[in-house]
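In the numbering used here, the protein residues as written are 611 to 815.
What follows is the structure in C-alpha cells.
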C-alpha cells in the first residue's frame with residue numbers, strides 16, 4: 611500500500627484532503643501493516659485517537675480523521691461516505707474501521723454500505739441515542755468487537771447493549787468495563803489494548 615501525496619496544514623493534525631467538497635484533516639502514522647481508520651467521537655480528536663493507538667502503530671497503519679460538519683440530515687451516512695473516500699485518497703482499498711461514540715456509528719454504516727471495503731469493525735462506547743445502524747446489525751457480516759463502558763456519560767446501559775449486540779453475525783467479543791471512564795481513556799489502556807490486540811490478531815488475512 612502506498613501513501614498518496616498530501617499537503618501539510620497548520621493544524622493539530624498532519625494532513626488535509628478535499629473530499630466531496632469537504633476539507634478533511636487527518637493523521638496517517640505507523641507501519642505498512644493492515645490499516646485501521648479511526649473516527650473520533652464528540653470529546654476526542656484525530657490527534658488524540660492516533661496517540662491513543664500508538665501501541666499498534668509499530669505494525670498497523672493508523673489513520674485517524676476529523677469528520678467535518680455536514681448539512682446532510684443523516685450525518686453518519688455522509689461521514690461514512692467521506693471515510694471511504696479518504697481511504698481511496700490515501701491508496702487503501704480495504705481497512706479496519708474503529709470509532710468511539712458517534713464515530714463508532716460511522717464504522718457500522720461503512721460496513722453496511724460497502725462491506726467489501728471493511729475488514730473489521732472496532733466499536734467503542736456506543737451512543738445511548740437511537741440510530742438507524744442499530745436496527746440493521748443483523749445485516750453486518752463483518753468481524754466486530756465491542757468495548758464499552760456502560761457507566762460512562764452518553765453511552766448505552768449494560769442491559770441495552772447486550773440486547774443491541776445480540777444480532778451481530780460475526781461478534782468477536784463484547785467487553786464491558788467497570789467505572790465511568792470512557793473506553794478509550796488513557797487510564798484504561800492496559801485492559802482495553804489487550805482486547806484490541808486479541809481482536810486484531812483474530813482477523814483473517
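Yeah, the Cβ is synthetic: ideal placement off N, Cα and C, and Gly gets one too.
Cβ-Cβ separation, residue j to residue i (assumed contact under 8 Å), whole Å
i	j	result
residue 669	residue 637	Rounded, the Cβ-Cβ distance is 17 Å, inconsistent with contact.
residue 650	residue 710	7 Å
Pick from the options that is closest to residue i, judged by C-alpha positions
i	options	result
residue 648	749, 657 and 788	657
residue 758	788, 717 and 773	788
residue 750	767, 734, 768 and 717	717
residue 746	766, 723 and 735	723
residue 660	809, 774, 801 and 795	795
residue 739	689, 695 and 774	774
residue 681	770, 793, 630 and 733	630
residue 685	719, 765, 703 and 707	719
residue 627	675, 769, 814 and 792	675
residue 741	662, 807 and 683	683
residue 654	792, 770, 800 and 748	792
residue 662	769, 770 and 800	800
Cβ shell of residue i (< 7 Å), same chain only, five flanking positions each side left out
i	result
residue 752	721, 725, 728, 730, 731 and 780
residue 744	774
residue 614	Any reading at residue 614 needs caution, since the residue's pLDDT is 42, under 50, leaving its predicted position unreliable; the model's value is listed next. Cβ within range, chain order: 699, 700 and 701.
residue 687	719
Chain-order list of residues whose beta-carbon lies under 6 Å from that of residue i (same chain, five-residue window excluded)
i	result
residue 790	761 and 762
residue 805	757 and 785
residue 622	Residue confidence is low: residue 622 scores 45 on pLDDT, short of 50, so the model does not pin down where it sits. Its coordinate-derived value is still stated next. Once the five neighbours on either side are set aside, the close Cβ partners of residue 622 are 657.
residue 689	677 and 716
residue 767	760
residue 810	none
residue 748	777
Spatial neighbours of residue i in its chain, beta-carbon cut-off 8 Å, leaving aside the 5 residues before and after
i	result
residue 705	644, 645, 646, 647, 673, 697, 727, 728 and 729
residue 678	632, 633, 634 and 692
residue 612	With a pLDDT of only 40 at residue 612, under 50, the local geometry of the prediction cannot be trusted, and no value is derived from it.
residue 812	753 and 782
residue 772	784
Beta-carbon proximity of residue i to residue j, cut-off 8 Å
i	j	result
residue 802	residue 712	no
residue 665	residue 640	no
residue 798	residue 755	no
residue 764	residue 737	yes
residue 714	residue 733	yes
residue 671	residue 642	yes
Touch check for the region 691-699 and the region 774-790: three-plus C-beta pairs under 8 Å? no
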